[in-house]
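Asker: In my numbering, the protein residues as written are 918 to 1258. Beta carbons are placed, not taken as given, at the ideal position from N, Cα and C, and that holds for glycine. Fair warning: this is a prediction, and the values are worked out from it, not measured in the lab.
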Amino acid sequence: MLQIQKQVSLRHFNTLALPSIAENFCKISSKNALCEALEWAKKHQLPITILGGGSNVVLARDLAGLVLHMAIPGVELVSEQQDHRIINIGAGENWHQLVLHTLDQGWYGLENLSLIPGLVGAAPIQNIGAYGVELSERFLSLEAIHIATGELRLMDSSDCQFGYRDSFFKGKGRDQYVITSIRLQLSIQSNLCVEYPALQQVLMDDMGQSQDVSPKQVSDAVCAIRQSKLPDPSDIPNAGSFFKNPVVGPEQVAVLRKKYPDIVGYGQSDGSMKLAAGWLIEQAGWKGVTRNGVGVHANQALVLVNYDGSGEALLSLASDIQASVLEKFGLKMEVEPRIYR
Ligand code: FAD
Ligand code: NAP
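(1) With which residues is Asp1073 paired in a DSSP beta bridge?
(2) Could you spell out where the alpha helix (DSSP H) holding Cys1110 opens and where it closes?
(3) In whole angstroms, what is the alpha-carbon distance linking Glu956 and His986?
(4) Tell me whether Asp1262 sits in a helix, a strand or coil according to DSSP, three-state version.
(5) Leaving out five residues on either side along the sequence, give the residues of the same chain with a beta carbon under 7 Å from the beta carbon of Phe1246.
(6) Going by DSSP, what residue range makes up the alpha helix (DSSP H) through Lys1176?
(7) Nearest CA to the CA of His961: which residue from Leu983, Leu976 and Ala977?
(8) Which residues in the same chain have their Cβ closer than 6 Å to the Cβ of Gly970, if we skip the five residues on either side of it in sequence?
(9) Can you grab the Cα-Cα spacing for the pair Ala1138 / Ser1107, in whole Å?
(10) Have a look at Gln1022 and Pro1163 and give me their C-alpha separation to the nearest angstrom.
(11) Looking only at its chain, what residues have a beta carbon closer than 8 Å to the beta carbon of Glu953, apart from the 5 residues adjacent to it on each side?
(12) Helix, strand or coil for Thr1097, going by three-state DSSP, please let me know.
(13) Can you name the start and end residues of the beta strand (DSSP E) that Gly1125 belongs to?
(14) Does the beta-carbon of Gly1195 have 16 or more other beta-carbons within 10 angstroms, so that it is buried, or is it exposed?
(15) So, at 6 Å on beta carbons, what are the nonlocal neighbours of Leu1052 in its own chain, with the 5 sequence-adjacent residues on each side left out?
(16) Secondary structure at Asn973, three-state DSSP: helix, strand or coil?
(17) Can you find the residues in the same chain that come closer than 8 Å, C-beta to C-beta, to Gly1202, ignoring five residues on each side of it along the sequence?
(18) Does the beta-carbon of Lys959, which I'm using as the reference point, lie nearer than 7 Å to any heavy atom of the ligand NAP?
(19) Per DSSP, what kind of secondary structure is Ala939 in: helix, strand or coil?
(20) May I ask whether a heavy atom of the ligand FAD can be found less than 7 Å away from the beta carbon of Thr1066?
(21) From the DSSP output, read off the bridge partner residues of Arg1258.
(22) Is the separation between the beta-carbon of Tyr1257 and that of Ala977 shorter than 8 Å?
(23) Helix or strand or just coil, what does DSSP make of Leu992?
(24) Where in the stretch 1213-1245 do unbroken runs of the beta strand (DSSP E), each at least 3 residues long, occur, reported from the N-terminal end onward?
(25) Considering only heavy atoms of the ligand NAP, does any lie closer than 7 Å to the CB of Ser1158?
(26) When DSSP labels each residue in this structure, what does Val984 get in the three-state scheme?
(27) If you run the structure through DSSP and keep just helix, strand and coil, what is Gln1200?
If you want it as structure tokens, here you go:
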């Protein structure tokens, strides 16, 4: 039976710990429950908001309508091939627990994506990525329910239009679908990606080398770097990187390099350059700044933190940071989390 709670505080359902209230709140543990909840919202003409782990949202207002908290469980081995395994995972599974489970089973490919907060169903939304690996590289398909019609859709990689921290679900498909499960293809041979300087460094320090290591060792190294560098949301509420790294063309890079020879950027396969937004923010003087109960983290300028401020204070800080980076470098930084204001 559908259990709808009224006036639920979402403070513990978003990693920025913002004090938003859900008018109606329902935990969704199966596809049937989801369809029932969507019917109920349709009947009462209520808007839907989907919430996973709340680690990529800024809840700067109360949420009217119905909030669906995804809790569909299940990790299923769908097929065993000579060199890979195909698995199906419910949207409500915890992402990091999934990574650890796959490593335990000897299914490799998610190790660089260790310790990313949140749930499996949200992973395709921004095509989660870290340390040189993106979800899209392991992704086969997903199942989603179309909110307006209740229809079940199977989407493959091309339907999802994955990009850099981007997908169909952030563009045309925004607020149209509820993802219920995803399907991944993982290898049974390790095929490591250890090019990121910080990752190489930790592997060198711990193992004396960075090549002949196991996927579990890569996962452990990623966890160690993240724990040393990123604020744990349960200690200091945050939503991870607040801005995407701007990607610019070679002409603009040449102009910027002339003025800022130390600018940190990484060449992309199409000739463009991804500039480290954290470096830009730091150079604009924001690292460690605190105001109105919110701030820029002292170790990683890309992470905005909430000490005891409001969503509006956070968004005002974000907008001032964007303005100053635009003024200093002529670069527009896009906000990464989903803003509800
Ligand atoms: P939520 O914040 O609950 O939701 C995010 C968006 O997805 C919302 O718009 C929501 O409506 C939608 N959504 C959620 N579930 C569904 C669903 N089942 N169907 C349809 N829509 C849905 N991200 C990275 O890419 N790489 C990182 O390395 C990384 N590191 C992080 C570190 C920290 C400390 C933090 C706090 C965040 C980090 N993030 C990172 C961001 C975040 O963890 C990911 O984007 C994650 O996938 C969000 O999952 P979630 O369940 O918390 O989503
Ligand atoms: P970092 O290692 O200090 O690197 C800074 C930036 O430079 C990163 O944003 C990264 O881009 C880029 N970079 C570094 N080495 C690169 C290489 N060899 N090739 C291409 N790009 C390179 O970054 P960090 O802040 O500690 O984060 C480590 C990883 O975790 C990054 O991949 C980051 O995206 C991910 N992360 C994401 C979030 C989030 O909320 N989205 C939060 C924390 C960490 P990319 O960001 O494109 O990788």
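Answerer: So, to answer that:
(1) Indexing the sequence shown from 1 puts residue 1073 at position 156. Per DSSP, Ser1058.
(2) Locating residue 1110 in the sequence shown gives position 193, where the first residue counts as 1. Neither: Cys1110 is in no alpha helix (DSSP H) and is coded neither H nor E.
(3) Mapped onto the sequence shown, residue 956 falls at position 39. Mapped onto the sequence shown, residue 986 falls at position 69. Just so you know, the alpha carbons of Glu956 and His986 end up roughly 16 Å apart.
(4) Absent from the model: residue 1262. The displayed extent of the chain is 918 to 1258, so no value can be given.
(5) Locating residue 1246 in the sequence shown gives position 329, counting from the first residue. If we look at Phe1246 and ignore the five residues flanking it on each side, its Cβ neighbours are Leu1173 and Leu1197.
(6) Here residue 1176 corresponds to residue number 259 of the sequence shown, with the count starting at 1. That run of the alpha helix (DSSP H) goes Pro1167 to Lys1176.
(7) Here residue 961 refers to the residue found at position 44 of the sequence shown. That would be Leu983, whose Cα lies nearest to the Cα of His961.
(8) Residue numbering aside, residue 970 sits at position 53 when the sequence shown is read from its first letter. Only Pro1034, Gly1035 and Leu1036 meet the Cβ criterion.
(9) Stepping through the sequence shown from its first residue, residue 1138 is reached at position 221. Stepping through the sequence shown from its first residue, residue 1107 is reached at position 190. Spanning the two alpha carbons is a distance of roughly 16 Å.
(10) Position 105 of the sequence shown, counted from the first residue, corresponds to residue 1022. Position 246 of the sequence shown, counted from the first residue, corresponds to residue 1163. Distance between the alpha carbons of Gln1022 and Pro1163: 37 Å.
(11) Numbered from its first residue, the sequence shown carries residue 953 at position 36. Closer than 8 Å at the Cβ level, and outside the excluded window around Glu953, lie Leu919.
(12) In the sequence shown, counting from the first residue as 1, residue 1097 sits at position 180. If DSSP states are grouped into helix, strand and coil, Thr1097 belongs with the strands.
(13) If you number the sequence shown from 1, residue 1125 lands on position 208. That residue, Gly1125, is in no beta strand (DSSP E); it is neither H nor E in DSSP.
(14) Here residue 1195 is taken as the residue at index 278 of the sequence shown, counted from 1. It is buried - the Cβ of Gly1195 has at least 16 other Cβ atoms within 10 Å.
(15) Translated into positions along the sequence shown, residue 1052 becomes position 135. Closer than 6 Å at Cβ, skipping near neighbours: Ala1040, Asn1044 and Ile1045.
(16) Reading the sequence shown from its first residue, position 56 is the one you call residue 973. The three-state secondary structure of Asn973, taken from DSSP, is coil.
(17) Within the sequence shown, residue 1202 is the residue found at index 285, counting from 1. Excluding positions up to five away in sequence, the list reads Ser1241.
(18) For the purposes of this step, residue 959 is identified with residue 42 of the sequence shown, where counting begins at 1. Flag unset: Cβ of Lys959 not near the ligand NAP.
(19) Stepping through the sequence shown from its first residue, residue 939 is reached at position 22. Reduced to three states, the DSSP call for Ala939 is strand.
(20) Mapped onto the sequence shown, residue 1066 falls at position 149. No, the Cβ of Thr1066 stays beyond 7 Å of every heavy atom of the ligand FAD.
(21) Locating residue 1258 in the sequence shown gives position 341, counting from the first residue. In DSSP, Arg1258 forms no bridge with anything.
(22) In the sequence shown, the residue the question calls residue 1257 occupies position 340. In the sequence shown, the residue the question calls residue 977 occupies position 60. In this structure, Ala977 lies closer than 8 Å to Tyr1257 by Cβ.
(23) The residue labelled residue 992 in the question sits at position 75 within the sequence shown. Sequence check: residue 992 is Val here, not Leu. Of the three classes helix, strand and coil, the one that applies to Val992 here is strand, per DSSP.
(24) 1220-1223
(25) For the purposes of this step, residue 1158 is taken as the residue at position 241 of the sequence shown. Answer for Ser1158: yes, Cβ within range of the ligand NAP.
(26) Your numbering for residue 984 matches position 67 in the sequence shown. It is a strand residue.
(27) On the sequence shown, residue 1200 is found 283 positions in, with the first residue counted as 1. DSSP places Gln1200 in helix when its eight states are reduced to three.
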